[in-house]
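Novice:
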Amino acid sequence: MKYYIMFGPPGAGKGTHAAAVREKYNLCHLSTGELLRAEIAKGSELGLHAKSLIDKGSLVPDSVVEGMIENQFNEVKGVAGFLLDGFPRTLGQARDLDAILAKRGEEVTAVISLMISDETVKQRIAHRAAIEGRADDASEETINNRIKTYHTQTEPLIEYYKAQGKYHEVQAEEPTIEQNRAKVLALMETIEK
Ligand code: ADP
811 MKYYIMFGPP
821 GAGKGTHAAA
831 VREKYNLCHL
841 STGELLRAEI
851 AKGSELGLHA
861 KSLIDKGSLV
871 PDSVVEGMIE
881 NQFNEVKGVA
891 GFLLDGFPRT
901 LGQARDLDAI
911 LAKRGEEVTA
921 VISLMISDET
931 VKQRIAHRAA
941 IEGRADDASE
951 ETINNRIKTY
961 HTQTEPLIEY
971 YKAQGKYHEV
981 QAEEPTIEQN
991 RAKVLALMET
1001 IEK
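All residue numbers for the sequence shown refer to the numbering used here, where the first residue is 811 and numbers rise by one.
1) Buried or exposed for Asn990, please, with buried defined as at least 16 other CB atoms from any protein chain shown within 10 angstroms of its CB.
2) What I want to know is whether the C-beta of Asp872 ends up closer than 8 Å to one or more non-hydrogen atoms of the ligand ADP.
3) Got a sec: does the ligand ADP put a non-hydrogen atom nearer than 8 Å to the Cβ of Gly867?
4) Our contact map puts Ile864 next to Asp928 with C-beta atoms below 8 Å; I'd like the distance itself, whole angstroms only.
5) Name, in chain order, the residues that DSSP records as bridge partners for Val921.
6) Helix or strand or just coil, what does DSSP make of Phe897?
7) Out of curiosity, what's the CA-to-CA distance linking Tyr970 and Arg956?
8) Confirm, please, whether the CB-CB distance from Ala920 to Ile815 is below 9 Å.
9) Among His827, Val831, Asn836, Val870, which one has its Cα closest to the Cα of Arg847?
10) Mind the definition here: the segment 962-981 touches the segment 899-914 only if three or more C-beta pairs lie below 8 Å; say whether that holds.
11) Among Ile935, Thr900, Leu911, Ile987, which residue has its Cα nearest to the Cα of Tyr960?
12) Quick check on the burial criterion: 16 or more other C-beta atoms within 10 angstroms. Buried or exposed for Ser862?
13) Sort out for me which residues DSSP pairs Ser868 with in a bridge.
14) If I follow the unbroken beta strand (DSSP E) through His827, where does it start and stop?
15) Which value, in whole angstroms, describes the spacing of the CA atoms of Val918 and Ala948?
16) First and last residue of the alpha helix (DSSP H) that includes Arg934?
17) Please report how far the alpha carbon of Val831 lies from the alpha carbon of Gly891, in whole angstroms.
Written as structure tokens, this is what we have:
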């Protein structure tokens, strides 16, 4: 099985490009943000707890997202692999993912990192807020906190995966989605070879 990680700051286009990659390579797209929003919509206890953290721009506990991911690994059948979007987001999650996969005799295949500047993050999220209506996209304070959370907790994963020789980066600042998607798909072709 293939285990790809779609990496990058909020608003980099992880979910958008994951859709195209999933289709082309028969992967199951797992977005921890979407799984958490589904729990919030259900009104589950997990969802209620997660919402208060998400609305502040903080991360939910590692154990929560790891449990959701492992459930999906166990349940989903008939795919060539998984495309993880928004997970892992901390060094603890990255190490735990390695352990979860090792138990299955598997490992991370490659990390596809979408890089954009903090300025672009702010512009993209402001634009998305108007379209998708996500509560955590609407407040400037929350967005700034998510950018800070990305730099302090998530960015260190770049070195972690570089050390494993699995890190691949594209500059995702082209003016159109199509141009950025073409870069992502071109990178995928070189990895899948
Ligand atoms: P974005 O693409 O804007 O980063 P996501 O949908 O991936 O948005 O995530 C929304 C929020 O859900 C995050 O800001 C965080 O609070 C929570 N979240 C998502 N994935 C994780 C994760 N792997 N670990 C902890 N919290 C997460």
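Positions of the beta carbon are idealized from the N, C-alpha and C atoms, including for glycine.
As the structure is a computational prediction, the values presented were derived from the model and not from experiment.
Specialist: Reading it off the structure:
1) buried
2) yes
3) yes
4) Incorrect: roughly 20 Å between the Cβ atoms, too far for contact.
5) Ile815, Tyr977
6) coil
7) 21 Å
8) yes
9) Val870
10) yes
11) Thr900
12) exposed
13) For Ser868, which the question treats as bridged, DSSP gives no partner whatsoever.
14) Looking at the DSSP string, His827 is not in any beta strand (DSSP E); the run it does join, the alpha helix (DSSP H), is 824-835.
15) 34 Å
16) 928-942
17) 11 Å
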